[in-house]
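Mapped onto the working numbering, the consecutive letters of the sequence shown carry residue numbers 659 to 980.
Have a look at the structure below, then the notes.
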Amino acid sequence: MWLSPYVKRVELALKVKGITFEYVEEDLSNKSPLILKYNPVHKQVPVLVHDGKPINESSVILEYIDETWTNGPSLLPEDPYERSKVRFWAAYIQHVMEFMLKIFTAEDQEKACEEFFQKLRVLEDGMKNMFPGGSPMIEDGKIGLLDIMIVVAFGMCKAQEQVFGIKFLDQEKAPMIHSWVNSLLELAVLKETVPPHDKKCPVKSDEPTDDEIKAYDKWVKADEMTRCYILASMANVLQHQHQSMTTVYDMLESLKEMFGDQNCATKQTTMKAPLITKMVKGTSDLPEEWDRTLMKNGNLFYVQDPPEEWDRSLLKNGTGPS
659 MWLSPYVKRV ELALKVKGIT FEYVEEDLSN KSPLILKYNP VHKQVPVLVH DGKPINESSV
719 ILEYIDETWT NGPSLLPEDP YERSKVRFWA AYIQHVMEFM LKIFTAEDQE KACEEFFQKL
779 RVLEDGMKNM FPGGSPMIED GKIGLLDIMI VVAFGMCKAQ EQVFGIKFLD QEKAPMIHSW
839 VNSLLELAVL KETVPPHDKK CPVKSDEPTD DEIKAYDKWV KADEMTRCYI LASMANVLQH
899 QHQSMTTVYD MLESLKEMFG DQNCATKQTT MKAPLITKMV KGTSDLPEEW DRTLMKNGNL
959 FYVQDPPEEW DRSLLKNGTG PS
């Protein structure tokens, strides 16, 4: 679903283990009978169905995969103490990722960034202590639970980095994790799992070969997954403006034009006002002429010079009528 990091963890674990599986896409805005049947509690993905029995929650699914299919490479160490350390840091990576996701919606983006990088420094120090010789050795593509957690958290955020202008994984701030993630991204199993966000669509000839058809189909699928992932990172107002765009390139170009070269704080302030004031045509409490102006050419809001009638505190504080 949408290139969800939770789904990607499970998909990656299955591939690492060499398990044949069927992937079923789920639209959570229109939940299918399957998701309601197999996850009636949370009604969320991922769900692993094995022998007709559902297993929910990505962390639970990962351990189930490791314990059920023992022929493939183990995701967790055999030693109980080492297993406990891996579980602890896997949970902390999830914690850090949640702080990263908060940046996209935080009212004070500068503060959210500071909190995220504090957590990232703790993770960097923890990994240096756990692996004093450097990043973990990756032999023959055999990766473990921490590899899966770290690469899904930091290896799939290129589109967000480009849109928000924030380098989430900086070589200077976290050199070990930076090296680790980039090494993982070179593995064949990761290249199959993590779609590119900026790769141009391969052009098919008039009489395409099988390889051309496969390359094109793979690009279309990867581009659609990335497009949905970007939409999932947006609130509803921005989604409405970009759902009709068919490729990631179109979306990123539109967002770059919308935000220009503003700094992160200005971007977030600009975004927050229309999100909170619900400036979708026909739903805001602002005068109709403002609504028309704000929606003109698909541009949601003024950045540099809002109308004089518009209370500028909306832009400054991100508050307003709802």
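Note that beta-carbon positions come from the ideal geometry of N, C-alpha and C, so glycine has one too.
**Study point:** Beta carbon of L734 nearer than 9 Å to that of E715
**Key:** No, the pair does not count as a contact, with Cβ atoms beyond the cut-off.
Check your understanding: Under three-state DSSP, which class holds L845?
Key -> Three-state DSSP puts L845 in coil, outside helix and strand.
Review point. Rounded to a whole number of angstroms, what is the C-alpha to C-alpha distance between L843 and P833?
Key: 15 Å
Review point. So, are the CB atoms of I824 and L781 less than 9 Å apart?
Key: no
Review point. Bridge partners of I723, per DSSP?
Key: According to DSSP, which records beta bridges pairwise, I723 is partnered with nothing at all.
Review point. Do A770 and I761 come within 9 Å of each other at the CB atom, strictly closer than that value?
Key: yes
Practice item. Output the distance between the C-alpha atoms of Y664 and P704, rounded to the nearest integer angstrom. Key: 7 Å
Exercise for review: Locate the beta strand (DSSP E) running through P691, then write down its first and last residues.
Suggested key: No beta strand (DSSP E) holds P691; the alpha helix (DSSP H) holding it covers P691 to Y696.
Review point. DSSP puts I713 in a beta bridge; with which residues?
Key: L706
Point to revise | Among K800, V809, M909 and F775, nearest to V839 - alpha-carbon criterion | key: Comparing Cα positions, the closest option is V809.
Exercise for review: Spatial neighbours of I647 within its chain, please: CB distance less than 7 Å, with the 5 preceding and 5 following residues excluded, ordered by chain position.
Suggested key: Since the first and last residues shown for the chain are 659 and 980, residue 647 lies out of range.
Exercise for review: Pull up the distance between the alpha-carbon of R779 and that of K831, whole angstroms please.
Suggested key: 7 Å
Practice item. Could you have a look at I835 and say whether DSSP puts it in helix, strand or coil? Key: In this structure, I835 counts as helix in the three-state DSSP scheme.
Point to revise | Reduced DSSP category for E765 - H, G, I as helix; E, B as strand; rest coil | key: coil
Exercise for review: Report buried or exposed for T726, applying the criterion of at least 16 other Cβ atoms within 10 angstroms of its Cβ.
Suggested key: exposed
Review point. Mind checking V699: buried by the 16 CB within 10 Å criterion, or exposed?
Key: exposed
Point to revise | Three-state secondary structure assigned by DSSP to Y750 | key: Helix, per DSSP.
Check your understanding: Does the Cβ-Cβ distance between Q829 and S841 come in under 9 Å?
Key -> Result no, Cβ atoms of Q829 and S841 do not sit closer than 9 Å.
Check your understanding: What number of angstroms, rounded off, separates the C-alpha of K786 from the C-alpha of S793?
Key -> 8 Å
Exercise for review: Ignore the nearest five residues each way along the sequence and tell me which others in L848's own chain have a CB closer than 6 Å to its CB.
Suggested key: L842
Review point. What did DSSP end up calling Y664 once you bin it into helix, strand or coil?
Key: Three-state result, Y664: helix.
Exercise for review: Can you tell me which of the three DSSP states P738 falls into?
Suggested key: For P738, the secondary structure class from DSSP, reduced to helix, strand or coil, is helix.
Point to revise | For H753 and E819, the rounded distance between their alpha carbons | key: 19 Å
**Study point:** Reference L670; option with closest CA among S863, T867 and M814
**Key:** Between L670 and the set S863, T867 and M814, the nearest pair of CA atoms involves M814.
Point to revise | Closest by C-alpha distance to Q702, when choosing among E683, S863, D709 and D875 | key: Out of E683, S863, D709 and D875, E683 has the C-alpha closest to the C-alpha of Q702.
Check your understanding: Between the Cα of Y739 and the Cα atoms of L686, M788 and D869, which residue gives the shortest distance?
Key -> With distances taken between CA atoms, Y739 lies nearest to M788 out of L686, M788 and D869.
**Study point:** Contact check, E850 vs K666, beta carbons under 9 Å
**Key:** no
Check your understanding: If you check the beta carbons only, do E768 and F757 fall under 9 Å apart?
Key -> no
Practice item. May I ask you to report which of helix, strand or coil DSSP gives N787? Key: Under the three-state reduction of DSSP output, N787 falls in the helix class.
Point to revise | Cα-Cα separation, M807 to D783 | key: 17 Å
Check your understanding: Considering only residues of the same chain and omitting the five flanking positions on each side of L803, which have a CB-CB separation below 7 Å?
Key -> In chain order, L720, L733, L734, V744 and A748 place their CB closer than 7 Å to the CB of L803, counting only its own chain and leaving out the 5 sequence neighbours on each side.
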